[in-house]
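Residue numbers (the working numbering), protein chains in the order written: chain A, 2 to 407; chain B, 2 to 407. All C-beta atoms, glycine included, are put in the ideal place defined by N, C-alpha and C. Here the structure comes first, spelled out in structure tokens, and everything after it is commentary.
Protein chains: 2
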Amino acid sequence: MSDLRIVKGGVCAARGFRAAGVAAEIKYKGRNDVALVVADAPCAAAAVFTTNKVAAAPVIYDREIVAGGRVQAILANSGCANACTGERGLRDARLAALTTAGELGLDPRHVLVASTGVIGRPLPMDRLLAGMRAATRRLGRTAAHGLAAEKAVMTTDTCPKEAAATATVGGRQVTVGGMAKGSGMIEPNMATMLGFITTDAAVSPAMLRRALGLAIARSFNRLVVDGDESTNDSVFLLASGAAGNCEITRAGADFDAFLEALMAVCVSLTRQMATDGEGATKFVTVTVRGARTAKDAERAARAIAKSPLAKTSWFGRDPNWGRVLAAVGYSGADVVDMKAEVFYDGIWAFRRGEVADAAQLGRLARVLRRRAFEVVVDLHLGAAESTIYTCDLSLDYVHINADYTT
Amino acid sequence: MSDLRIVKGGVCAARGFRAAGVAAEIKYKGRNDVALVVADAPCAAAAVFTTNKVAAAPVIYDREIVAGGRVQAILANSGCANACTGERGLRDARLAALTTAGELGLDPRHVLVASTGVIGRPLPMDRLLAGMRAATRRLGRTAAHGLAAEKAVMTTDTCPKEAAATATVGGRQVTVGGMAKGSGMIEPNMATMLGFITTDAAVSPAMLRRALGLAIARSFNRLVVDGDESTNDSVFLLASGAAGNCEITRAGADFDAFLEALMAVCVSLTRQMATDGEGATKFVTVTVRGARTAKDAERAARAIAKSPLAKTSWFGRDPNWGRVLAAVGYSGADVVDMKAEVFYDGIWAFRRGEVADAAQLGRLARVLRRRAFEVVVDLHLGAAESTIYTCDLSLDYVHINADYTT
């Protein structure tokens with residue numbers, strides 16, 4: 002029996018971690034933009050990075066560090082992505098990591114860096130390093146410290162995002178906690194998203210990588226905001242081992258219990274990111290079932306979630322199911338329209354050739370007024386199913402992205 | 002030497018065709034919504050249809066008719082797509098074609114139907130057929146008749162779209178003329194677009210198909226508005242032979258001259274559709290060159306043209322080239338960011354690691370204020386090149402598509 006519990010907190014929920022967030026004027030005045038997460042000792046570490054071939058300097062730098070399997074600190078900033086910055090960007094990322102290690106007295110091979118913000122601008126190193134130094138003096142273990150760090154990685158996010166869960170692993174209570182930032186540029190294989198997850202479970206680097214891969218496949222990688230994929234996406238997972246459980250080194254009940262807690266944190270952060278998608282007014286869960294193959298289900302669900310026409314219809318509270326079915330039609334998935342059904346929160350809009358009449362459209366319109374709803378397409382061609390989390394495309398999305406300036 | 006000339010007019014520019022457009026209240030009052038294009042005799046015909054697996058009833062019906070190679074009339078309506086309407090939709094499409102043939106005294110195997118508008122609503126057959134009958138009484142050969150037909154196929158288009166060109170083929174002057182409607186849901190393999198092209202050249206059905214395929218590959222299929230692909234896209238080409246040239250039955254100088262005129266008409270209509278993309282404030286030509294392969298060039302150019310982040314930056318008049326390069330990065334194309342260059346109308350924004358400074362950004366900002374500009378990415382990895390025509394993503398796009406209701 003699982004004893005998974007959702008608890009409060011973020012990166013400081015697990016034992017063995019301190020955090021801080023400070024305002025360093027990386028781009029704006031008066032808002033936190035430099036964060037530090039520091040473990041009491043080197044942790045087992047795993048990370049997943051963007052698959053974008055234009056990877057930002059911190060991603061290139063971190064890949065090497067994470068390959069070592071041990072991490073003790075992460076320095077993160079918002080306001081500047083340090084992407085498309087060439088050799089200078091790589092030097093800056095390295096210098097930021099080494100200076101942080103020096104300031105904290107850590108092994109420089111155990112420090113990661115993460116950046117988010119505008120592409121193509123050099124990091125303002127003086128401010129970043131001054132912010133880092135200020136952050137080292139404010140490190141603490143409380144929820145407020147975690148919250149300060151969460152705020153420092155926000156860009157167009159409208160609220161900080163954190164989640165935590167506990168589970169019993171090998172007779173010990175372990176905690177997984179995390180923070181993330183969204184919110185545009187979110188699509189297959191992550192997002193302009195950064196995720197920082199900590200746990201006090203003892204887990205080998207290999208099993209930590211496996212757990213993170215499994216959790217991400219069912220959470221962050223199922224999120225679509227606008228179909229763009231960023232140069233900076235990274236999710237980090239550090240395991241301090243402070244819970245004192247016997248180290249998880251293979252599959253089994255302990256791994257499953259840990260994975261369940263990790264999954265709960267990742268799914269919660271994913272839902273928070275979709276709900277806070279740029280300009281989003283709706284959280285929409287898109288499920289395609291009855292597909293001939295798993296690939297078909299996935300393609301169809303992603304096509305719906307990415308369709309500007311479907312997304313604007315949700316914003317307009319319009320049960321325009323034809324756009325949903327049209328997206329399935331061009332997704333590459335097998336579809337026979339006269340066999341298909343479309344539902345909004347269980348209310349049918351189209352079923353095997355029968356289209357919603359005025360009364361039924363009225364019922365659907367009430368669903369579309371909800372802050373969150375589910376769109377289900379049943380293809381009735383097989384047994385495969387896929388779910389994607391997404392949001393609508395609103396006027397504010399355009400406002401935000403037309404004005405978020407270089 | 003080519004003697005291609007761009008001339009005025011639309012579907013009535015070529016000899017042997019009459020057209021009409023009338024208001025039949027298919028969806029709205031007081032605007033043309035039923036069009037007829039009628040040839041004096043059966044024409045050689047070719048057509049290209051949507052690849053969307055959810056194809057509308059008229060598309061399914063027309064595929065069979067066009068396979069016969071001869072067409073004399075096309076009945077078109079806006080306001081209702083007759084898509085996702087099942088058996089009833091197919092019966093309605095057939096009935097509309099047969100009734101039109103009866104009214105005009107034509108072979109029923111020579112009549113096509115085309116619909117555009119909301120998906121999932123049955124065609125209002127009484128109004129459609131009444132409109133068709135009214136249209137038969139107003140058929141004429143003037144530019145005004147062509148314009149009336151153009152207006153009848155508009156949906157969210159803000160202006161009618163026509164183009165015509167002449168060329169000398171086998172010593173005779175031949176004319177190609179056409180009309181089209183855009184404007185959202187436009188992506189690979191066409192659009193919510195309908196194109197009707199007529200010519201008085203004598204061309205065999207086989208060579209007509211070949212010419213249309215070649216012309217579309219370089220025009221309509223290079224257009225991206227929002228990345229959605231419609232259920233109704235169709236382009237029709239009818240050749241009356243009234244110019245009296247020796248029928249084109251194989252490749253050669255005559256075919257090339259005809260193709261050049263056809264291409265000019267298709268490219269002009271494509272540019273008009275991009276410029277009139279839903280809510281568009283900018284016409285943007287995206288060219289990726291120096292790609293390793295043609296497929297890479299194509300993928301990268303399409304990714305840029307579809308990227309909501311790039312498109313909103315154009316709307317915001319923001320030279321945010323980082324979003325352009327990020328789109329290339331996730332397109333699947335090979336890219337080495339430190340070798341790449343990004344230009345807006347020839348002004349560089351990023352070149353091999355060097356980023357635009359404030360003065361250069363000022364120059365770029367002036368380009369972004371233009372109504373039309375070109376974005377060029379040179380990957381410096383090979384010799385392949387691809388161009389896509391597109392537009393920005395504006396507040397009005399969201400307004401239009403949130404309000405364009407089921």
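Residue i at chain E interface by Cβ criterion, 9 Å
i	result
Asn78 (chain A)	No chain E appears in the structure shown, which is made up of the protein chains A and B.
Pick from the options that is closest to residue i, judged by C-alpha positions
i	options	result
Ala77 (chain A)	A:Thr157, A:Ser235, A:Asp41	A:Ser235
Val8 (chain B)	B:Ala164, B:Cys267, B:Gln361	B:Ala164
Glu342 (chain A)	A:Ala181, A:Ala385, A:Val377	A:Val377
Arg71 (chain A)	A:Leu113, A:Asp338, A:Pro59	A:Leu113
Cys408 (chain A)	A:Pro59, A:Val49, A:Lys28, A:Thr288	Chain A is shown only over 2 to 407; residue 408 (chain A) falls outside these bounds and no answer can be derived.
Phe344 (chain B)	B:Ala334, B:Asp41, B:Glu355	B:Glu355
Ile198 (chain A)	A:Lys312, A:Gly147, A:Gly323	A:Gly147
Ser269 (chain B)	B:Leu310, B:Ala327, B:Gly183	B:Gly183
His381 (chain A)	A:Arg293, A:Gly17, A:Asp397	A:Arg293
Arg110 (chain B)	B:Pro161, B:Lys152, B:Pro43	B:Pro43
Gly242 (chain A)	A:Phe18, A:Ser3, A:Asp4, A:Gly11	A:Phe18
Ala366 (chain B)	B:Glu386, B:Gly87, B:Pro320, B:Ser387	B:Pro320
Met264 (chain A)	A:Val177, A:Gly317, A:Ala207	A:Val177
Leu362 (chain A)	B:Tyr62, B:Glu26, B:Gly121, B:Ala181	B:Gly121
Asp233 (chain A)	A:Ala298, A:Gly214, A:Asp4, A:Ala94	Sequence check: residue 233 (chain A) is Asn here, not Asp. Among A:Ala298, A:Gly214, A:Asp4, A:Ala94, the Cα nearest to that of Asn233 (chain A) is on A:Ala94.
Gly214 (chain B)	B:Thr51, B:Trp315, B:Val175, B:Glu65	B:Thr51
Asp49 (chain A)	A:Asp34, A:Ala68, A:Glu88, A:Asn33	Reading off the sequence shown, one finds Val at residue 49 (chain A), where the question assumed Asp. Nearest option by C-alpha distance: A:Ala68.
Ile1 (chain B)	A:Pro161, A:Arg372, A:Gly317, A:Thr391	Coverage of chain B is limited to positions 2 through 407, which leaves residue 1 (chain B) absent and any answer about it impossible.
Ala136 (chain A)	A:Thr100, A:Val119, A:Asp338, A:Arg300	A:Thr100
8 Å contact criterion, which residue i and residue j should meet: CB distance rounded
i	j	result
Thr156 (chain A)	Ser79 (chain A)	5 Å
Ala168 (chain B)	Phe259 (chain B)	6 Å
Thr271 (chain B)	Arg223 (chain B)	7 Å
Ala403 (chain A)	Thr313 (chain B)	5 Å
Ile348 (chain B)	Val368 (chain B)	6 Å
Ser205 (chain B)	Glu248 (chain B)	6 Å
Gly333 (chain B)	Ala153 (chain B)	Contact flag wrong, Cβ pair sits at about 41 Å.
Leu5 (chain B)	Ala298 (chain B)	Contact flag wrong, Cβ pair sits at about 27 Å.
Ala306 (chain B)	Val399 (chain B)	Going by Cβ atoms, the distance from Ala306 (chain B) to Val399 (chain B) rounds to 18 Å, so no, they are not a contact pair.
Short Cβ contact (9 Å threshold) for residue i with residue j
i	j	result
Ile389 (chain A)	Ala302 (chain A)	yes
Leu195 (chain A)	Ala46 (chain A)	no
Thr1 (chain B)	Ala15 (chain B)	Since the first and last residues shown for chain B are 2 and 407, residue 1 (chain B) lies out of range.
Leu105 (chain B)	Val39 (chain B)	yes
Cys85 (chain B)	Ala115 (chain B)	no
Gly278 (chain B)	Leu396 (chain B)	no
Ala24 (chain B)	Lys30 (chain B)	yes
Thr286 (chain B)	Phe374 (chain B)	yes
Ala350 (chain A)	Tyr331 (chain A)	no
Ala203 (chain B)	Ala244 (chain B)	yes
Ala385 (chain B)	Gly291 (chain B)	yes
Ala410 (chain A)	Ala102 (chain A)	Here chain A covers residues 2 to 407 and nothing more, so residue 410 (chain A) does not appear.
Ala295 (chain A)	Ser308 (chain A)	no
Leu124 (chain B)	Ala150 (chain B)	no
Trp422 (chain A)	Leu209 (chain A)	In the structure as shown, chain A begins at 2 and stops at 407. Residue 422 (chain A) is therefore absent and cannot be evaluated.
First through last residue of the beta strand (DSSP E) which encompasses residue i
i	result
Ile66 (chain B)	Note, Ile66 (chain B): premise wrong, no beta strand (DSSP E); alpha helix (DSSP H) at 58-68.
Asp379 (chain B)	373-379
Ile249 (chain A)	Counting along the chain, Ile249 (chain A) falls outside any beta strand (DSSP E), and DSSP gives it neither H nor E.
Glu104 (chain A)	First-last for Glu104 (chain A): 87-105, but that is the alpha helix (DSSP H), not the beta strand (DSSP E).
Gly409 (chain B)	Absent from the model: residue 409 (chain B). The displayed extent of chain B is 2 to 407, so no value can be given.
Pro206 (chain B)	Careful: Pro206 (chain B) lies outside any beta strand (DSSP E), inside the alpha helix (DSSP H) at 206-218.
Leu71 (chain B)	Strictly speaking, residue 71 (chain B) in this sequence is Arg, with Leu absent from that position. Arg71 (chain B) -> beta strand (DSSP E) spans 71-78.
Lys30 (chain A)	No beta strand (DSSP E) holds Lys30 (chain A); DSSP gives it neither H nor E.
Ala240 (chain A)	235-240
Ala42 (chain B)	35-50
Element boundaries [alpha helix (DSSP H), containing residue i]
i	result
Met126 (chain A)	126-139
Glu163 (chain A)	That residue, Glu163 (chain A), is in no alpha helix (DSSP H); its beta strand (DSSP E) goes 162-170.
Thr313 (chain A)	309-316
Val368 (chain A)	359-369
Lys182 (chain B)	Run containing Lys182 (chain B): none in the alpha helix (DSSP H); it sits in the beta strand (DSSP E), 173-182.
Gly196 (chain B)	No alpha helix (DSSP H) contains Gly196 (chain B), which is instead part of the beta strand (DSSP E) from 195-200.
Leu148 (chain A)	144-153
heavy atom of the ligand ATP below 8 Å from residue i C-beta
i	result
Leu124 (chain A)	This structure does not include the ligand ATP; it has no bound ligands of any sort.
* Give, in chain order, every unbroken run of the beta strand (DSSP E) that is at least 3 residues long and sits entirely within the segment 276-356 of chain B. => Qualifying beta strand (DSSP E) stretches, in chain order: 284-292, 342-345, 348-352.
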